[in-house]
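The end of the sequence shown is residue 853 by UniProt numbering, with every number in the run present.
Quick reminder that beta carbons are idealized off the backbone N, C-alpha and C, glycines included.
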Amino acid sequence: MQKVATENFKSFQIVSGYRIRLFNVFIKTLSCVLYCVRVVHDSRLLPSVHLDFNLCDYLFWVGRNTYLWLIQTFVALVSLSETIIVFYISYEWNICRLFVNAHFLLELVTSFPFIITIFFRDLRIMYVPVFLNCWLAKGSLHSMMNDLNRGSLVKHSALFRHLLILFSTLICLIFTGMCSIEHLQRAGERQFDLFTSFYFVMVTFSTVGYGDWYPDTWMSRLCVIILICVALVLLPSQLEALGQTWIARQKCGSDYSGGFSKNEKHVVVTITHLEMELVRDFLDEFYAHHENKRVHVILLSPAELDDPTRLLLKFPLYSERVHYVRGTALRDENLERARLGDAQACFILSARHQDKKIITDEHTILRSWAVKDFAPHVKQYVQIFRPETKMHVEHAEVLICEDEFKYALLANNCICPGISTFITLLMHTSKGDEGKKSSEPWHKVYGFHSGNEIYMIKAEDSKFFGSFIGKSFTCASYCAHNRYGVGLIAVKSDEPNAKILLNPGGSHIIKSKDTLYYMALTNEESLYNFHKDLKDQKKKADLASTIANVGKYFGRKLVFRSVQSYRRNIKAFQTKPGTSSDSENEDSCDKCKGPCIKLQRSYPQVRTYIGTSNTVCHMLKQKRPICCLQLNEPCEHCPYTSAHEYGWSNKPIILAADRTSTYYRQVHKLHPIVLLLELEETSSPSSSFLDAISYFPLIYWMHGKMLDNLLRAGVSNAEHVVVVKEFASLAEEHLADCSTIITVQKIHRMFPRLRMITELTHTSNMRFVQFSANNPYSLAQSKFEKNEKKRGSHMPYMFRLPFAQGGVFSANMLDRLLYQAIIKPYVVTLTRLLLGIDQSAGSGYLSSVTFTV
């Protein structure tokens, strides 16, 4: 037996040790229960064989019937045999070491006397302190927990072990005091039963005692003193260890063990740096949808919770549904703690305000791979910064590339002014309650219609569009808006590999199986009483129009006529000969005021990164020399050094960026683009970047900061100025936009009528754009924004004039698109089509029409 144990000592300890200790705990607990049974049935009288006795004899002799003695003796024999065998194997034949082990000595005191009574009948009524077996059970229980933690299947936290140690120590102290006081009082005038003794011990440990029960023998009093001293020695150290473990647990987060019901769902959100604003935005958007009300959120992050985030998670709305687990997603142990394998989805977010976004994307890629390796079936919703890293996370269910969306949104804002505000409001889930309490008419209209969102429904299941099956898309869109106030914007057929089409026009006929995408204040499934709720909704919309002094009939007639005129102009332009730049015979025209630039509609010939979206652009048939790309440097092909010398027919667009980063428009409406880069004087953009832009017409770059070289870039005649912030400093988080805001303010003061589009890091800094300390209207807007915050608005900045007119934008707003993708996965595809990132054959594109009254 010793040979087998020596050869397989480790497996013997882990596999067999747990079972042996579990059996040991059971035996010791059983012996304590039998002791209590003996005390309850004790008559508290000495046996009749002892005629001459004193009070001390009550401490050595007790009443015990034969059956109880047999059971106690059998249990003691089993317990002692098991202890001798285990210690004999553990100490490898060294018997002397047994007699210096406290566990073995205590086992002899509680079990060996019963073995002696087998041979001496008169000693069967001898008292044995069997209740001390509770301490042996406590030791075996702790050893059993150690075996569990060494096993690979069951893991318990350190806090659980400390709690177990503390409570087992308290139970042993109370049980020992209860049994010892009860027995010692047998020799006193006032005898205690077990319950009275338990009451006395509890009162003594919790208070100084009530005095109704008290020990009247010196041995009982000495026992109370010893118990108090032992408690003062053992409990403080264990309470201190428990407190330290609790503090460490609060910092490290807890393990998610699941809800009360097996049907409860949860999602895992993994991010390297937790920020209060990011967590709040995610929770606000995630729980804004009714489908997510019962879904738990697990925050998995290696970063420690800061105080604002900790307070946020203690809100009643989130305290029971949001759990924090500290750890990196690159370790399977942490993913197991978050129960990722059972999760409904996993959001992999990128840390903001990082200097090097490429490194941040690399971390995101590894986390995505770790999640895919651990739980391949879990859907991933990934956010990255650089487009070139998309190829590594193509397995994600939904992928948001910030640079793609940001630059597409800023570019479209030059073509369709205010589209950044439109897309931002469309991505934020809102009930349209913003601006209700305002005295400004445009606040009420603007806030009410900010509740519009995009929904989808099958044509055959729709009450809005069911009657338009078999009719054209144009007819369905017009009639649905006229009757119900909803805007049909896209359609997807049920054919295999079908794509979403934006406004396919009158050529598309609505079929019963088509999926329709519409924009409305609410989805029609939420209208329980369809006609009544729809009527109330139209009343609110008509009231908002009345407040804004927009006549319902006159406004509709004006818009319809303007749109018809616009369509006729488009048709005339498309059929007019000589307007296509693809013709080789087109050498000159009146619009170009000279020789036409030879262009072709094709995909870019040079890609700056792998995986770029295929977008048809106006491309030069022959690329320009690299020397001609720098605006302010003359070369042998072009002697000009400033924008005014070029004599462009359309106003230029100036893009001011701190570093280089890499739609269909009619040829003669193309605007020159000047890239104003903050580079060192001796440095220049990379050759791959210059090679890529050399195929595009009317694109130039130049050195200099925004203020220094704006005049040479043609700011006085510019159509738009786009100010892009590439990265933010970590030193002072909310001051990251300081230089951008000051620069934009200077430009605004010098050129007040210039249209500027500014990118900021923090939405809270929007109030500083075009700031005027002496403007009473701006100060009133600030007061109204504070009131909107108190009412719980998620977008209190939406009423600031720079944001409302589309002059300021923050990339943080794009996060909302990813958060609602778990409920509306089609929103990302629709947004990419709207911004021109993706293109579909037969699909429309984003455009704008200017109406004047």
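Proximity below 8 Å, CB of F119 to CB of L80: F119 is not a Cβ neighbour of L80, given a cutoff of 8 Å.
Check V559 in the structure and name its three-state DSSP category. At V559, the pLDDT of 37 sits below 50, so the modelled position is not reliable; the number obtained from the coordinates is stated separately. Helix, per DSSP.
With T270 as the anchor, note down where its beta strand (DSSP E) starts and where it stops. Going by DSSP, T270 is part of the beta strand (DSSP E) stretching over H266 to T270.
When you compare each of V78, H41 and A780 to S439 by their alpha carbons, which one comes out closest? It is A780.
Can you list, in chain order, the residues of its chain with a C-beta nearer than 6 Å to that of K406? Leave out the 5 residues immediately preceding and following it. Around K406: A811.
So is W135 buried or exposed if we call it buried at 16+ other beta carbons inside 10 Å? By the neighbour-count rule (16 or more Cβ atoms within 10 Å), W135 is buried.
Do S420 and F809 have their CB atoms nearer than 8 Å? The Cβ atoms of S420 and F809 lie closer than 8 Å to each other.
G487 - partner residues in DSSP beta bridges: Looking at the DSSP assignment, G487 forms a beta bridge with M519.
According to the neighbour-count rule (16 or more other Cβ atoms, all chains shown, within 10 Å of its Cβ), is E285 buried or exposed? The residue in question, E285, is buried, as its Cβ has 16 or more Cβ neighbours within 10 Å.
Within 8 Å, strictly: CB atoms of I673 and L629: It is not a contact, given that the beta carbons lie outside the stated cut-off.
Buried or exposed by the 16-neighbour rule on C-beta atoms within 10 Å, applied to Q622: Burial check for Q622: the Cβ neighbour count within 10 Å stays below 16, so the residue is exposed.
Drop a sphere of 10 angstroms on the beta-carbon of L311, count the other beta-carbons inside from all chains shown, and report buried for 16 or more, exposed for fewer. By the beta-carbon neighbour count (other beta carbons within 10 angstroms, threshold 16), L311 is exposed.
DSSP state of F195 mapped onto helix, strand, coil: It is helical.
Whole-angstrom C-beta distance between S197 and M178, which should lie under 8 Å: The beta-carbon separation of M178 and S197, rounded to 5 Å, stays under the 8 Å limit for a contact.
Return the bridge partner residues of L760 from the DSSP annotation. Residue pairing of L760 in beta bridges, as defined by DSSP: S810.
Measuring straight from C-alpha to C-alpha, what distance separates E525 and F282? Near 25 Å, if we compare the C-alpha coordinates of F282 and E525.
Are D212 and R190 close, meaning C-beta to C-beta below 8 Å? Result no, Cβ atoms of D212 and R190 do not sit closer than 8 Å.
Helix, strand or coil for I837, going by three-state DSSP, please let me know. Judged by DSSP in its simplified three-state form, I837 adopts coil rather than helix or strand.
Quick check: the Cα distance between I423 and A408, rounded to an integer number of angstroms? Counting only the Cα atoms, A408 lies some 12 Å from I423.
Following the continuous beta strand (DSSP E) through R401, name the residue where it begins and the one where it ends. Note that residue 401 is Cys in the sequence shown, not Arg. Looking at the DSSP string, the run of the beta strand (DSSP E) that includes C401 is V398 to C401.
Could you tell me which residues DSSP pairs with V322 in its beta bridges? Answer is V297.
Measure from the C-beta of S111 to each C-beta in chain C and report whether the shortest distance is under 8 Å. The chain labelled as chain C is not found in the depicted structure, where only one protein chain is given.
Same chain, Cβ closer than 7 Å to N413, five either side skipped, listed in chain order: Same-chain partners within the cutoff: I419, S420, I757 and G806.
For I654, which beta-bridge partners are listed by DSSP? Answer by DSSP bridge pairing, in chain order: V674 and V721.
Please name the residue in R294, I116 and F167 whose C-alpha comes closest to that of K138. Here the closest residue by C-alpha is F167.
Endpoints, the beta strand (DSSP E) within which C738 is located: It is not in any beta strand (DSSP E) - C738 instead sits in the alpha helix (DSSP H) that spans C738 to M750.
Rounded to the nearest angstrom, how far is the Cβ of L159 from that of T245, given a contact under 8 Å? Taking the Cβ atoms as the reference, L159 lies roughly 5 Å from T245, within the contact range of under 8 Å.
Write down every uninterrupted run of the alpha helix (DSSP H) in the region 427 to 465 whose length is 4 residues or greater and which is fully enclosed by it, in chain order. 441 to 449, all fully within the region 427 to 465.
Can the beta-carbon of F385 be found closer than 8 Å to that of D403? Yes, the pair counts as a contact, with Cβ atoms nearer than the cut-off.
Does M795 come out as helix, strand or coil in the three-state DSSP assignment? The three-state secondary structure of M795, taken from DSSP, is coil.
Let's test the definition: count the other Cβ atoms within 10 Å of the Cβ of M813 and tell me whether it reaches 16, buried, or not, exposed. Answer is buried; the Cβ neighbour count reaches 16.
Rounding to the nearest angstrom, what Cα-Cα distance links L274 and N292 in this structure? Cα-Cα distance, rounded: 22 Å.
Tell me whether residue 896 is buried or exposed, calling it buried when 16 or more other Cβ atoms sit within 10 Å of its Cβ. Outside the shown range of the chain, which is 1 to 853, sits residue 896, and nothing can be said about it.
Among the residues of its own chain, which have a CB less than 6 Å from the CB of M795, if the five just before and after it don't count? Excluding sequence neighbours, M795 sits near H428.
State yes or no: is the C-beta of F803 within less than 8 Å of the C-beta of H443? Cβ distance not < 8 Å, so F803 and H443 don't count as in contact.
Hey, could you find the ends of the beta strand (DSSP E) H703 is sitting in? I699 to H703 is the span of the beta strand (DSSP E), which, as asked, contains H703.
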